[in-house]
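All residue numbers for the sequence shown refer to this note's numbering, where the first residue is 17 and numbers rise by one. Each residue gets a CB set at the ideal place from its N, CA and C atoms; glycine is no exception. Computed from a predicted structure; not experimentally measured. So the structure is just underneath, and the comments pick up after that.
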Amino acid sequence: MERKYLAHYLDASFNGDTVNYVRLGKDLEEYNEELNPDVEVIKNILGEQRVRHNGYEVQSEVDPYYAEEGDALYEKLAEIANERLTGEDVLTTKVDVLFDSEGTVLWAYRETVAVIPNSIGGDTSGVQIPFTIYNAGSRTAGTWDPDAKTFTPAA
């Protein structure tokens, strides 16, 4: 399966009146969700061991991210960075979608995320605002309409 079939969309409206999903990836050579599992291995005096898995702390890096005038995500990232926004102001939703080679959606999940810019600057290739996405919970399965860029939660 080619990597291009796994898509990641951020709502650039950041909980605005009209959802505006933007696909990540134009300038990315790599994008991974680091699951960061919270795992503890416990051994007792009998030599037995058990594994306690307490969940995940998922995050991902978007680097580079080049600023483009008129891009809704860039405008929001610049606002977050320039005004040093925190809390509810950096929350939005991300939808992860897997397509097959025919364009059929195999699965889709939406989750609340915090989007935190890491820096503003860059080199001669252009202004960059790399950022980190921290998954904040309420992961929901559903369906994705690629034409309308809309997510519908499963019943």
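Query                                                                                                                                                      : Result
Pull up the CB-CB distance for serine 76 and glutamate 49, whole angstroms please, since I reckon it's below 8 Å.                                          : 5 Å
Measure the beta-carbon distance from lysine 110 to isoleucine 145 and round it to whole angstroms, keeping in mind my assumption that it falls under 8 Å. : Rounded, the Cβ-Cβ distance is 17 Å, inconsistent with contact.
Distance, Cα to Cα, aspartate 33 vs phenylalanine 167?                                                                                                     : 15 Å
Within 10 angstroms of the Cβ of proline 221, are there 16 or more other Cβ atoms? Answer buried if so, exposed if not.                                    : Residue 221 lies beyond the stretch modelled for the chain, which goes from 17 to 171, so this question has no answer here.
So within the stretch 43-107, which uninterrupted alpha helix (DSSP H) runs reach at least 4 residues, ignoring any that extend past its ends?             : 88-99
Just the C-alpha distance for valine 35 and alanine 88, rounded to the nearest angstrom, thanks.                                                           : 11 Å
Check the C-beta distance from valine 113 over to valine 106 and give it rounded, since I have them as a contact under 8 Å.                                : Incorrect: roughly 23 Å between the Cβ atoms, too far for contact.
Hey, glutamate 142 and tyrosine 82 are a contact pair by Cβ (cut 8 Å); roughly how many whole angstroms apart?                                             : A small correction: the amino acid at residue 142 is glycine; glutamate does not occupy that position in the sequence shown. The pair is a contact, with the Cβ atoms about 5 Å apart (cut-off 8 Å).
Given threonine 156, which residues of its chain have a CB within under 8 Å of its CB, disregarding the five upstream and five downstream residues?        : Tyr125, Arg126, Glu127, Pro169, Ala170
Among Glu84, Ala94, Glu95, which one has its Cα closest to the Cα of lysine 42?                                                                            : Glu84
Who are the Cβ neighbours of glycine 158 in its own chain at under 7 Å, not counting the five residues just before and after it?                           : Ala124, Arg126, Phe167, Thr168, Pro169, Ala170
Give the single residue among His24, Val131, Ser135 whose Cα lies nearest to the Cα of glycine 103.                                                        : Val131
Please state if the CB of valine 74 and the CB of asparagine 60 are separated by a distance shorter than 8 Å.                                              : no
What ranges does the beta strand (DSSP E) occupy inside the stretch 128-161, keeping only unbroken runs of at least 3 residues that lie completely in it?  : 147-161
Thinking C-alpha only, which one of Arg68, Leu22, Val38, Leu62 is nearest leucine 93?                                                                      : Val38
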